[in-house]
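Student: Below are the structure tokens for one structure; questions will follow.
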Amino acid sequence: MYPRPIPETARPARAAYVALVAAVLVLWLLPLVTVMLTSLRSFEEVMAGNYWGWPKSFNFIENYTAVFKQTALARYFVNSLIVTLPSVIGVLVLSTLTGYVLSRHRFPGNRLLFALFVGGNFLPAQIMMIPVRDLMVGLGLYDTYLALIIFHTAFQTGFATLFMRNFIAALPDELFQAARAEGASPWQTLWHVVVPLIRPALAALAILTFTFVWNDYFWAIVLTQSDAVKPVTAGLNNLRGEWVSAWNLVAAATIMVAIPPVAMFFLMQRHFIAGLTMGAVKG
Amino acid sequence: MSHLWRRHRHWLAPTLFILPGALLFGVVIILASIETIWVSFFDWDGVGPMQWVGLANYEQLFADPQFYVSLKNNVIWLAMFMLAPPLGLALALLLNQAIAGMKFLKSLFFVPLVLASVTVGVVFTWVYDPTFGLLSLIYGWFGATAPALLSDEHLVSFAVVIAALWPQVAFCLVLFLAGLNNLNEDLIGAGRVDGARGFAMLLHVVLPQLREVSFIALAVTIIGALRSFDMVAVMTSGGPFGSSTVLAYQMYEQSIFSYRFGYGAAIATVLFAVMAVFIAWYLRTLLRPEQETA
């Protein structure tokens with residue numbers, strides 16, 4: 001290991017080390033912690049300018065119910081879920097298919113197609129903004145959930161294809177030879193050989209795609225307009241403009257928006273890290 | 001019919017499998033991107049008829065002072081983002097110890113990575129607030145008044161980039177921690193026997209083994225810097241007086257707010273041309289090892 005592990009016998013050194021890490025961590029997360037504390041303060045306290053002291057009273061329930069009752073945050077939340085969940089499922093299905101074909105079938109243009117999926121995933125959003133917006137207006141989908149679902153499914157399929165292709169390419173060749181020897185059709189091979197083996201990849205991809213789509217802001221403001229469709233990211237930015245002085249409520253909304261991806265991350269941390277490093281580093 | 005299918009399924013089935021993904025990605029991402037280049041040769045308000053103007057949008061763009069402000073800010077983003085990989089590596093070196101509880105502490109360090117950029121923007125707008133922000137508190141301890149970073153045209157871009165560095169460093173940290181976990185123990189051991197320690201060990205034994213991870217961290221950081229949009233939109237809307245715009249934001253503003261879609265398309269095309277260099281470099285390196293084995 002590098003750096004050299006602190007020996008188990010050096011108890012003071014270990015304690016000092018953990019204390020140091022904890023101190024760095026507090027500094028690292030300080031901006032977020034202060035927002036959390038603010039979300040617990042009462043309106044009077046915010047008005048009086050107590051932003052940094054310990055909260056005089058904890059208004060957890062009041063603030064967080066107020067933010068759901070007095071603002072459209074609940075609506076935005078539902079919108080984000082309606083957009084995110086189908087996108088994740090769409091991406092998983094499409095990228096399993098593309099990844100399987102690109103990794104296990106040789107055909108002219110295979111590498112070019114793969115390069116397009118990977119390269120397209122790194123394009124700036126603005127280079128496709130005008131035609132995508134036009135397309136959605138033309139299809140009558142502008143300002144609907146479907147516009148965002150279609151776009152996110154398409155875009156995330158790029159990264160997901162890279163990920164799935166590398167994962168399936170790393171599966172042992174013997175399995176595919178055996179399937180072929182037994183006369184399995186491509187569909188049977190996919191369903192009975194590939195799918196059972198890629199469950200960890202599907203889990204990793206699901207959590208990554210969820211985070212990417214949930215956190216999107218650009219397409220949320222380009223493809224939607226009304227509160228009935230707007231996802232939480234765009235919604236939060238609106239609330240910030242409308243509730244300028246109610247910092248405690250804006251803080252509570254900010255924390256609420258952050259909770260789903262953070263919770264997903266802690267629940268499926270192993271998959272998330274594995275996915276991020278495997279998707280980035282070749283599989 | 002089923003006979004025909006049986007005879008051709010070895011290529012028909014894979015074609016059908018790849019078709020939905022390839023079509024969707026091809027139309028919505030690739031064709032749309034190419035169409036933008038086409039649109040950049042027209043004068044268009046987004047609704048009425050398009051009028052061919054040749055290179056006029058580009059001529060106008062290269063004479064537009066705002067374009068150079070955006071370009072300068074893109075360079076600032078790029079240069080400052082170069083701090084993310086070394087900072088991520090430094091944090092990874094600090095955190096790479098197997099001690100009870102470290103796992104949980106490490107995962108807390110990753111949190112900024114999963115926050116939406118809007119969340120990061122809101123949080124840092126707060127940190128920078130000149131009357132009650134964290135920064136003003138710190139300045140207050142020294143009896144000084146905090147500068148209003150987000151309304152100072154010379155400092156605003158730096159302030160926004162620092163906020164954006166927060167999740168970016170967390171991303172590099174994740175990559176480098178994974179890299180440090182995959183080090184070759186034998187090489188490290190041999191290095192120790194040869195008396196390599198501390199910085200020499202890092203430079204000559206550890207870093208060469210982190211080449212792949214460093215490459216990914218660098219490439220993703222460069223592309224992320226050039227793509228920056230959300231933080232500018234959320235924290236400053238390009239202000240004050242357009243001093244913090246980047247190409248991505250200027251494009252959005254010209255298209256959506258000023259209805260100059262042809263002009264916006266030209267900005268997007270320039271941004272794409274800049275990024276294409278880095279994307280090509282990344283793709284070449286990513287796909288090269290396979291060419292050798294294939």
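So the sequence lines, in the order shown, correspond to chains P and L. Following the UniProt record's numbering, the numbering of the first sequence begins with 1 at its first residue and continues without gaps. Following the UniProt record's numbering, the numbering of the second sequence begins with 1 at its first residue and continues without gaps. Ideal Cβ placement from N, Cα and C applies to all residues, glycine included. Values in this document were obtained by computation on a predicted structure and should not be read as measured data.
Which residues of chain L have a Cβ atom closer than 9 Å to the Cβ of P:Phe-265, listed in chain order?
Tutor: Ser-107, Phe-110, Val-111, Leu-113, Val-114
Student: Would P:Arg-199 pass as an interface residue toward chain L - the criterion being a Cβ-Cβ separation below 7 Å?
Tutor: no
Student: Distance cutoff 7 Å, beta carbons only. Does L:Gln-250 sit that close to anything in chain P?
Tutor: no
Student: Starting from P:Asp-227 and walking both ways along the alpha helix (DSSP H), at which residues does that stretch end?
Tutor: Neither: P:Asp-227 is in no alpha helix (DSSP H) and is coded neither H nor E.
Student: Tell me, which residues are paired with residue 297 of chain L by DSSP?
Tutor: Nothing about residue 297 of chain L can be reported from this structure: the residues present for chain L run from 1 to 294 only.
Student: How many angstroms separate the CA atom of L:Val-161 from the CA atom of P:Glu-8?
Tutor: Distance from the CA atom of L:Val-161 to the CA atom of P:Glu-8, rounded to whole angstroms, is 40 Å.
Student: Should the stretch 193 to 205 of chain P be regarded as contacting the stretch 59 to 78 of chain P, the criterion being three or more beta carbon pairs within less than 8 Å?
Tutor: no
Student: Are there three or more Cβ pairs, one per stretch, closer than 8 Å when the stretch 264 to 271 of chain L is compared with the stretch 40 to 58 of chain L?
Tutor: yes
Student: Of all the options P:Arg-111, P:Val-46, P:Leu-25, P:Ala-19, which has the alpha carbon lying nearest to the alpha carbon of P:Ala-251?
Tutor: Among P:Arg-111, P:Val-46, P:Leu-25, P:Ala-19, the Cα nearest to that of P:Ala-251 belongs to P:Val-46.
Student: Check L:Val-246 in the structure and name its three-state DSSP category.
Tutor: When secondary structure is reduced to three states using DSSP, L:Val-246 falls in the coil class, being assigned neither helix nor strand.
Student: In chain L, which residues lie with their C-beta within 7 Å of the C-beta of P:Gln-225?
Tutor: None at all; the shortest Cβ gap to chain L is about 11 Å.
Student: Taking L:Arg-7 as the query, report the chain P residues whose CB atoms sit under 8 Å from its CB, ordered along the chain.
Tutor: Within chain P, no residue comes near L:Arg-7; the closest Cβ sits about 12 Å away, beyond 8 Å.
Student: From P:Val-281 to L:Leu-108, what does the alpha carbon distance come to, in whole angstroms?
Tutor: Because P:Val-281 carries a pLDDT of 47, less than 50, the predicted location of this residue cannot be relied on, and no value is offered for it.
Student: Examine the Cβ distances between the stretch 144 to 157 of chain L and the stretch 63 to 75 of chain P and report whether three or more of them are shorter than 8 Å.
Tutor: no
Student: Give a yes or no on whether the C-beta atoms belonging to L:Ser-244 and L:Val-234 are separated by under 7 Å.
Tutor: no
Student: Can you tell me whether L:Trp-126 is buried or exposed? The criterion is at least 16 other CB atoms within 10 Å of its CB, across all chains shown.
Tutor: buried
Student: What is the DSSP secondary structure of P:Glu-8, counted as helix, strand or coil?
Tutor: coil
Student: Can you tell me which of the three DSSP states L:Thr-131 falls into?
Tutor: coil
Student: Show which residues of chain L have a CB atom less than 9 Å away from the CB atom of P:Ser-95.
Tutor: Near P:Ser-95 (Cβ distances below 9 Å), the residues of chain L are Gly-21.
Student: Determine which residues of the stretch 198 to 218 of chain P have a Cβ less than 9 Å from any Cβ of chain L, and write them out in chain order.
Tutor: Thr-211, Trp-214, Asn-215, Asp-216, Tyr-217, Phe-218
Student: Should L:Pro-14 and P:Val-101 be called a contact, given that it needs their Cβ atoms to be closer than 7 Å?
Tutor: yes
Student: Roughly how many angstroms separate the alpha carbons of L:Glu-292 and P:Ala-169, rounded to a whole number?
Tutor: Unreliable positioning characterises L:Glu-292 in this predicted model, as indicated by a pLDDT of 45, which lies under 50. A coordinate reading is not provided.
Student: I'd like to know whether the C-beta atoms of P:Thr-211 and L:Val-114 end up nearer to each other than 7 Å.
Tutor: yes
Student: If you compare alpha carbons, which of P:Tyr-76, P:Leu-37, P:Thr-65, P:Arg-75 is closest to P:Ser-57?
Tutor: P:Leu-37
Student: Which residues in the same chain have their Cβ closer than 7 Å to the Cβ of L:Arg-260, if we skip the five residues on either side of it in sequence?
Tutor: For L:Arg-260, same chain residues with a beta-carbon under 7 Å away, outside a window of 5 residues either side, are Gln-254 in chain order.
Student: Suppose you measure from the CA of L:Leu-218 to the CA of P:Asn-237; what does that come to, to the nearest Å?
Tutor: Their Cα atoms are separated by approximately 30 Å.
Student: Is P:Met-128 helix, strand or coil when you go by DSSP?
Tutor: helix
Student: Inspect the beta-carbon positions of L:Ile-279 and P:Gly-120 and report whether they are closer than 7 Å.
Tutor: no
Student: What residue from P:Ile-82, P:Gly-138, P:Asp-143 has the CA that sits closest to P:Trp-219's CA?
Tutor: Checking every option, the nearest Cα to that of P:Trp-219 belongs to P:Asp-143.
Student: If we count the other Cβ atoms within 10 Å of its Cβ and call it buried at 16 or more, is P:Tyr-217 buried or exposed?
Tutor: buried
Student: Pull up the distance between the alpha-carbon of L:Phe-110 and that of P:Pro-172, whole angstroms please.
Tutor: 33 Å
Student: So P:Tyr-64 contacts chain L; which residues on that side make the cut at Cβ distance below 9 Å?
Tutor: By Cβ distance, chain L contributes nothing, its closest Cβ being about 16 Å from P:Tyr-64, past 9 Å.
Student: Are the stretch 88 to 100 of chain L and the stretch 167 to 177 of chain L touching by the rule of at least three beta carbon pairs closer than 8 Å?
Tutor: Note that the stretch 88 to 100 of chain L touches the stretch 167 to 177 of chain L; at least 3 beta-carbon pairs, one per stretch, sit closer than 8 Å.
Student: Nearest by alpha-carbon distance to P:Leu-148: which of P:Arg-133, P:His-105, P:Leu-162 is it?
Tutor: P:Arg-133
Student: In chain order, which alpha helix (DSSP H) runs of at least 4 residues are fully inside the stretch 185 to 213 of chain L?
Tutor: 185 to 193, 198 to 201
Student: DSSP three-state call for L:Phe-67: helix, strand or coil?
Tutor: helix
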